[in-house]
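Engineer: Residue numbers (our numbering), protein chains in the order written: chain A, 1 to 310; chain B, 1001 to 1310.
2 protein chains.
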Amino acid sequence: MTLAQLKVFVLVSRLGSVRAAAAALGVSEPAVSQALAALRQHLDDPLISRSGAGMELTPAGRRVVSIASQMVNLAVDAEVAVRQSNGAAELLRVVTTSTLSQSIVPALLQAFTARAGGIEVSLGVATTEEMAALVEERLADVAIGPRLAGLEAEAVMRYRLTLVGRPDLRLNGNGLAATRWFVDPTGTDRLSDVGVLLSKHRVPEDRIMVFATEQAAWSAAAAGDGVAPAIDHMVAGEVDRGVLTRVNATDIPVDLLLYVSSLGAQRRSRAADRLRRFIRTPVAMQAMYRPDSGVPAAKFRPPVYVTLWS
Amino acid sequence: MTLAQLKVFVLVSRLGSVRAAAAALGVSEPAVSQALAALRQHLDDPLISRSGAGMELTPAGRRVVSIASQMVNLAVDAEVAVRQSNGAAELLRVVTTSTLSQSIVPALLQAFTARAGGIEVSLGVATTEEMAALVEERLADVAIGPRLAGLEAEAVMRYRLTLVGRPDLRLNGNGLAATRWFVDPTGTDRLSDVGVLLSKHRVPEDRIMVFATEQAAWSAAAAGDGVAPAIDHMVAGEVDRGVLTRVNATDIPVDLLLYVSSLGAQRRSRAADRLRRFIRTPVAMQAMYRPDSGVPAAKFRPPVYVTLWS
DNA sequence: TCGGCTCCTAACCGAATGGTTATCTCGACC
DNA sequence: GGTCGAGATAACCATTCGGTTAGGAGCCGA
């Protein structure tokens, strides 16, 4: 029985699927399946099994999840305790969606680290579905994105999701469902803002093209036939320069709220607390709204993390 | 950071020595030292270091011990929870001293398992010093032996430690300190009853001969020049048959109390509770006092365990 | 200063862990 | 009754873990 196996088990039971847990951990599905198998063998109980949609815990499984969850949490505590005793920089692990990880959040975190000393920030990307589980299992300290149920969520800013295309773009009769959509990886996350937009407009799979970054999606829209969702104030420059134009339609643009979510005040780390306080300051607002708050060096962007912390 | 490493660390900090922890775990000393080294490297803190006699925790170490201890405990809980949910036999792990493990305790446990169904008992041997740590760290459920501080201890029976030798034995002028002492492994445990006896009579090391079992020590006493400590009612037969005779001296024989110690009522296992209740019954008393309650088959005596459970 | 005790390190080894890709099995669903 | 999706299994590989024995470093007491 290893801590890794317990962590896997907890995540599987939380997310209700081996696949989802594998994705959240950034490993292949058999890796998770095997860790689970090892734990099952060790404890001599299936713990959790498929049952139609989702999975179901056995009686023993139910008892083990809560214990395992505590253990995983304590493991985190131990590491934090040591760091703290030794005056080392605190570690703040932030998860966010792909879209936000490219502009708003890095700018925010950069301003934060510049202001608050002694905190080391790292940024991870996850789907909306995973974020809550990651925070609850202490695999991340703070989630920035849509409102997450079960966590202490707080609205921090309002932003507008708009649709852009090249200025001379003409939509044919079928409207948005018939044109091509250029999206960043967030588009594949059904619960994300962009995902919601796609399903609301019933955009068929074969019309969606996924790019690694939002910028890449804009470029494609500027060059070809199609539209790209974008955070309004981030494309303001391109629109002004006439490279792109906003496309209006039903429910577009849509005004959205950005939330910061973490565990309750008692259970979250001090660093998480400090970020939450910082995020309400004018400095933070300014950083998030500045369109050119381009990626400042490699500090926040070792490619794009798809995987989570160990 | 593995659970094994944490267990090692907790045990070292409790016993105040790498050697002692190694002995308690039944492994070599470098094994413990290395586990500790791995944990130190992982947490990037020495955690614990030598300081004259004993070892001293670093600030970080102090915080980690308590967390690690909780984790080790939870790991035990998890296994217990699964067993219990599945109606499997509960596991009761008993530690005792070498002397007691040869006669009284096996007889007691045999009577216990016969009476209480659904409990699987295993017996381990440890030094007095280790017993408390083993119970507190949940590596054992119950300790039977001398009174242990910090645990819920309860006196269960009175027994008499006596000294036997061959009937025609003549002690020379220097008395007991000058004769040879035949002891079982408990004699090497300074805090045990026999160990206390040896140091009280200032018996020099080279006069002490250690045998694997108490019986072997008696035989040696019956055959050669020397004395052997024995539990009075266990040698009654030999004395009656004239094979051995009791040797009297200052503080000998000595009347002692046998204690059963475990965690408090809230924290101990149900099986431990049941043993504690059983041990007060006449059936238990009878089993412990019967001299011929010889080792019943291999069930309780796969050689003698020197090592503990994983 | 010389043993001796205790802890640490080195070198090595087998087994378990954690990961991959490829394939099988099984239930849900047209 | 195919087919598809999701989980389990197989086969394989690199790394780590946990263990050993052998030997080195510090610190005490005689």
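Cβ atoms here follow ideal geometry from the backbone N, Cα and C, with glycine treated the same way.
Note that the coordinates shown come from a computational prediction; the quantities given were computed from them, not determined experimentally.
List the residues of chain A that Asp1045 (chain B) touches, going by C-beta distances under 8 angstroms, in chain order.
Structural biologist: The count along the second sequence starts at 1 and reaches residue 1045 (chain B) at position 45. Result: Val82, Ser85, Asn86.
Engineer: Where does Met1157 (chain B) fall in DSSP's three states?
Structural biologist: Translated into the one-based positions of the second sequence, residue 1157 (chain B) becomes position 157. Residue state, collapsed to three classes: strand.
Engineer: In the DSSP assignment, find the alpha helix (DSSP H) that holds Met1285 (chain B) and state where it starts and stops.
Structural biologist: Residue 1285 (chain B) sits at position 285 when you count from the first residue of the second sequence. Taken as a continuous stretch (DSSP letters only), the alpha helix (DSSP H) holding Met1285 (chain B) covers 1282–1289.
Engineer: For Glu238 (chain A) versus Trp218 (chain A), is the C-beta distance shorter than 9 angstroms?
Structural biologist: Start at 1 with the first residue of the first sequence, and residue 238 (chain A) comes out as number 238. Start at 1 with the first residue of the first sequence, and residue 218 (chain A) comes out as number 218. Contact: yes.
Engineer: Rounded to the nearest angstrom, what separates Ser1261 (chain B) and Ser1199 (chain B) at their Cα positions?
Structural biologist: Numbered from 1 along the second sequence, position 261 holds the residue referred to as residue 1261 (chain B). Numbered from 1 along the second sequence, position 199 holds the residue referred to as residue 1199 (chain B). When rounded, the distance between both Cα atoms is 25 angstroms.
Engineer: Flag Ile67 (chain A) as yes if its beta-carbon sits less than 9 angstroms from any beta-carbon of chain B, otherwise no.
Structural biologist: Translated into positions along the first sequence, residue 67 (chain A) becomes position 67. Yes, its Cβ sits closer than 9 angstroms to a Cβ of chain B.
Engineer: Sorted by chain position, which residues of the same chain lie with C-beta nearer than 6 angstroms to Val105 (chain A)'s C-beta, five sequence neighbours on each side aside?
Structural biologist: For the purposes of this step, residue 105 (chain A) is taken as residue 105 along the first sequence, with counting starting at 1. Taken in chain order, the residues that qualify are Thr96, Ile144.
Engineer: In angstroms, rounded to a whole number, what distance separates the CA positions of Ser1013 (chain B) and Leu275 (chain A)?
Structural biologist: Locating residue 1013 (chain B) in the second sequence gives position 13, counting from the first residue. Locating residue 275 (chain A) in the first sequence gives position 275, counting from the first residue. Going from the Cα of Ser1013 (chain B) to the Cα of Leu275 (chain A) covers about 36 angstroms.
Engineer: With 9 angstroms set as the bound, which would you pick, yes or no: does the beta-carbon of Met1 (chain A) sit closer than that to a beta-carbon of chain B?
Structural biologist: Here residue 1 (chain A) is taken as the residue at index 1 of the first sequence, counted from 1. Yes, Met1 (chain A) counts as interfacial toward chain B.
Engineer: I'd like the span of the alpha helix (DSSP H) that includes Arg277 (chain A), first residue to last.
Structural biologist: As a working mapping, residue 277 (chain A) is identified with position 277 in the first sequence. Note, Arg277 (chain A): alpha helix (DSSP H), 270–278.
Engineer: Pull up the distance between the alpha-carbon of Arg1350 (chain B) and that of Leu57 (chain A), whole angstroms please.
Structural biologist: Missing from the structure shown is residue 1350 (chain B); chain B here goes from 1001 to 1310 and no further.
Engineer: Pick out whichever of B:Val1125, B:Thr1128, B:Leu1109 has its Cα sitting closest to the Cα of Ile1119 (chain B).
Structural biologist: If you number the second sequence from 1, residue 1119 (chain B) lands on position 119. Cα-wise, what sits closest to Ile1119 (chain B) is B:Leu1109.
Engineer: For chain B, find out if any of its Cβ atoms is closer than 9 angstroms to the Cβ of Glu79 (chain A); answer yes or no.
Structural biologist: The residue given as residue 79 (chain A) occupies position 79 in the first sequence. With 9 angstroms as the cut-off, Glu79 (chain A) counts as an interface residue toward chain B.
Engineer: Please check the pair Ala1078 (chain B) and Ile48 (chain A), which I expect to be a contact at CB under 8 angstroms, by giving their CB distance rounded to whole angstroms.
Structural biologist: Residue mapping note: residue 1078 (chain B) aligns to position 78 of the second sequence, counting from 1. Residue mapping note: residue 48 (chain A) aligns to position 48 of the first sequence, counting from 1. Wrong, their Cβ atoms sit about 14 angstroms apart, outside the cutoff.
Engineer: Using DSSP bridges, identify the partner residues of Pro46 (chain A).
Structural biologist: Here residue 46 (chain A) refers to the residue found at position 46 of the first sequence. Answer by DSSP bridge pairing: none, since Pro46 (chain A) is not bridged.
Engineer: Helix, strand or coil for Val1095 (chain B), going by three-state DSSP, please let me know.
Structural biologist: On the second sequence, residue 1095 (chain B) is found 95 positions in, with the first residue counted as 1. In this structure, Val1095 (chain B) counts as strand in the three-state DSSP scheme.
Engineer: Considering Cα atoms alone, identify which of A:Gly124, A:Ala272, A:Tyr159, A:Leu100 is closest to Gln215 (chain A).
Structural biologist: Numbered from 1 along the first sequence, position 215 holds the residue referred to as residue 215 (chain A). Ranking the options by Cα distance to Gln215 (chain A), first place goes to A:Leu100.
Engineer: Tell me whether Met209 (chain A) sits in a helix, a strand or coil according to DSSP, three-state version.
Structural biologist: As a first step, residue 209 (chain A) is located in the first sequence; it is residue number 209 there, counting from the start. DSSP places Met209 (chain A) in the strand class (E or B) of the three-state scheme.
Engineer: Report yes or no: is there a C-beta of chain A within less than 9 angstroms of the C-beta of Ala1297 (chain B)?
Structural biologist: Numbered from 1 along the second sequence, position 297 holds the residue referred to as residue 1297 (chain B). Annotation note: pLDDT 37 at Ala1297 (chain B) (below 50); position unreliable, coordinate value reported separately. Not flagged as an interface residue toward chain A: Ala1297 (chain B), since no C-beta distance is shorter than 9 angstroms.
Engineer: For Ala222 (chain A), which residues in the same chain have their Cβ closer than 7 angstroms to its Cβ, ignoring the five residues on either side in sequence?
Structural biologist: Residue mapping note: residue 222 (chain A) aligns to position 222 of the first sequence, counting from 1. Same-chain partners within the cutoff: Arg166, Val243, Leu244.
Engineer: Would you please verify whether the beta carbon of Ala1035 (chain B) is less than 9 angstroms from any beta carbon of chain A?
Structural biologist: Start at 1 with the first residue of the second sequence, and residue 1035 (chain B) comes out as number 35. Chain A, which has no Cβ nearer than 9 angstroms to the Cβ of Ala1035 (chain B), makes this no.
Engineer: Show which residues of chain A have a CB atom less than 7 angstroms away from the CB atom of Gln1070 (chain B).
Structural biologist: If you number the second sequence from 1, residue 1070 (chain B) lands on position 70. Those within 7 angstroms of Gln1070 (chain B) in chain A are Leu74.
Engineer: Check for me: the beta strand (DSSP E) holding Ile144 (chain A) runs from which residue to which?
Structural biologist: Residue numbering aside, residue 144 (chain A) sits at position 144 when the first sequence is read from its first letter. Per DSSP, Ile144 (chain A) belongs to the beta strand (DSSP E) from 142–145.
Engineer: Whole angstroms are fine: how far does the CA of Leu161 (chain A) sit from the CA of Ala37 (chain A)?
Structural biologist: On the first sequence, residue 37 (chain A) is found 37 positions in, with the first residue counted as 1. On the first sequence, residue 161 (chain A) is found 161 positions in, with the first residue counted as 1. For the pair Ala37 (chain A) and Leu161 (chain A), the Cα-to-Cα distance works out to about 44 angstroms.
Engineer: What did DSSP end up calling Pro1229 (chain B) once you bin it into helix, strand or coil?
Structural biologist: Within the second sequence, residue 1229 (chain B) is the residue found at index 229, counting from 1. Pro1229 (chain B): strand per DSSP, three-state reduction.
Engineer: My output table needs one value for Glu137 (chain A): the three-state DSSP class, helix, strand or coil.
Structural biologist: For this step, residue 137 (chain A) is matched to residue 137 along the first sequence. Here Glu137 (chain A) sits in coil by DSSP.
Engineer: When you compare the CB positions of Ala1284 (chain B) and Val1196 (chain B), do they come within less than 9 angstroms of one another, or not?
Structural biologist: Looking up residue 1284 (chain B) in the second sequence gives position 284. Looking up residue 1196 (chain B) in the second sequence gives position 196. The answer is no: Cβ separation not under 9 angstroms.
Engineer: With distance defined between alpha-carbon atoms, name the residue in B:Arg1270, B:Pro1229, B:Ser1069 nearest to Val1008 (chain B).
Structural biologist: Start at 1 with the first residue of the second sequence, and residue 1008 (chain B) comes out as number 8. For Val1008 (chain B), the nearest C-alpha among the options comes from B:Ser1069.
Engineer: Is the number of C-beta pairs between the segment 1112–1132 of chain B and the segment 1087–1094 of chain B that are closer than 8 angstroms three or more?
Structural biologist: yes
Engineer: Gly1175 (chain B) and Trp1181 (chain B) - do their beta-carbons sit closer together than 9 angstroms?
Structural biologist: Taking the second sequence and counting its residues from 1, the one referred to as residue 1181 (chain B) is at position 181. Taking the second sequence and counting its residues from 1, the one referred to as residue 1175 (chain B) is at position 175. No, Cβ-Cβ distance for Trp1181 (chain B) and Gly1175 (chain B) is not below 9 angstroms.
Engineer: Run the CB neighbour count on Val1306 (chain B), radius 10 Å, all protein chains shown included, and call it buried at 16 or more, exposed below.
Structural biologist: The count along the second sequence starts at 1 and reaches residue 1306 (chain B) at position 306. Confidence at Val1306 (chain B) is low in this model, with a pLDDT of 36, below 50, so the placement of that residue should be treated as unreliable; the coordinate-derived value is given next. Result: exposed.
Engineer: Can the beta-carbon of Gly1061 (chain B) be found less than 9 angstroms from the beta-carbon of Pro1046 (chain B)?
Structural biologist: The count along the second sequence starts at 1 and reaches residue 1061 (chain B) at position 61. The count along the second sequence starts at 1 and reaches residue 1046 (chain B) at position 46. Yes; because the gap between Cβ atoms is below 9 angstroms, this pair is in contact.
Engineer: Could you give the residue range of the beta strand (DSSP E) that holds Val125 (chain A)?
Structural biologist: Counting from 1 along the first sequence, the entry for residue 125 (chain A) is found at position 125. Run containing Val125 (chain A): 119–125, per the beta strand (DSSP E) assignment.
Engineer: Please confirm whether Leu163 (chain A) and Asp225 (chain A) have their CB atoms less than 9 angstroms apart.
Structural biologist: Counted from its first residue, the first sequence places residue 163 (chain A) at position 163. Counted from its first residue, the first sequence places residue 225 (chain A) at position 225. No.
Engineer: Can you check which of these residues, A:Gly117, A:Arg115, A:His42, is closest to Arg1083 (chain B) by C-alpha distance?
Structural biologist: Taking the second sequence and counting its residues from 1, one reaches residue 1083 (chain B) at position 83. The residue with the shortest Cα to Cα distance from Arg1083 (chain B) is A:His42.
Engineer: State buried or exposed for Asn86 (chain A), treating a residue as buried only when at least 16 other CB atoms are found within 10 Å of its CB.
Structural biologist: As a position in the first sequence, residue 86 (chain A) is number 86, starting the count at 1. So Asn86 (chain A) ends up on the exposed side.
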